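Okay, structure first, notes after.
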Amino acid sequence: MKYWLIKFAPFRYSWEDCLRNGRFEIYSVRSPQARNNLNAMKSGDSVLFYHSQEGNCVMGKMKVIEEAHQDPTTTEERWVSVTFEPTESLQHSVSLNAIKANPNLANIGLVKQPRLSVMAITESEFNTIMIMAQTQKQNK
1 MKYWLIKFAP FRYSWEDCLR NGRFEIYSVR SPQARNNLNA MKSGDSVLFY HSQEGNCVMG
61 KMKVIEEAHQ DPTTTEERWV SVTFEPTESL QHSVSLNAIK ANPNLANIGL VKQPRLSVMA
121 ITESEFNTIM IMAQTQKQNK
């Protein structure tokens, strides 16, 4: 199993939308590096959903339910989409400031490549964020 973090603007599709609809399909990703990450995802992989542009925090956990397929917003075959199912809302969202303040997350893509929308994270980084989500005090 691999671990990932997906950034998406909540005014386009929020964590609440994921929960209400029972799924999330990421689309319109035009970064070659992000596309390569989408292509590497496998069914069952764990994914953190991050509100970008507004809120800037990890909101919940998802799993991959449909691997890379044609992006419905284009006919160009090189661009793909992946579908996820929400599995858990975090007890407390984990802010970007809290992530930056945690030395165990110093090398996470969210800090090192802040414009990348789809990134691999390590199991340790994933677990650290999940632990942080259990304590609101750490997430300010």
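No gaps in the numbering here: position 113 of the sequence shown is 113 in full-length UniProt numbering, and each next residue is one more. Glycine included, every Cβ here is placed at the ideal spot set by N, Cα and C. Model, not experiment: these values are computed from the prediction.
Item	Value
Neighbour-count burial assignment, Asn-39, 16 or more Cβ in a 10 Å radius	exposed
Helix, strand or coil at Thr-128 [DSSP, three-state]	helix
Coil, strand or helix - Pro-32 by DSSP	helix
DSSP-derived helix/strand/coil call for Phe-8	strand
Own chain residues within Cβ distance below 8 Å of Glu-77, not counting five before or after	Gln-70
Where Gly-60 sits in the DSSP three-state scheme	strand
Straight-line gap, Phe-49 to Gly-109 (C-alpha atoms, nearest Å)	14 Å
Contact check, Cys-132 vs Val-94, beta carbons under 9 Å	This sequence places Met at residue 132; Cys is not what is there. It is a contact, given that the beta carbons lie within the stated cut-off.
Residues that DSSP places opposite Leu-48 in a beta bridge	Leu-5 and Lys-61
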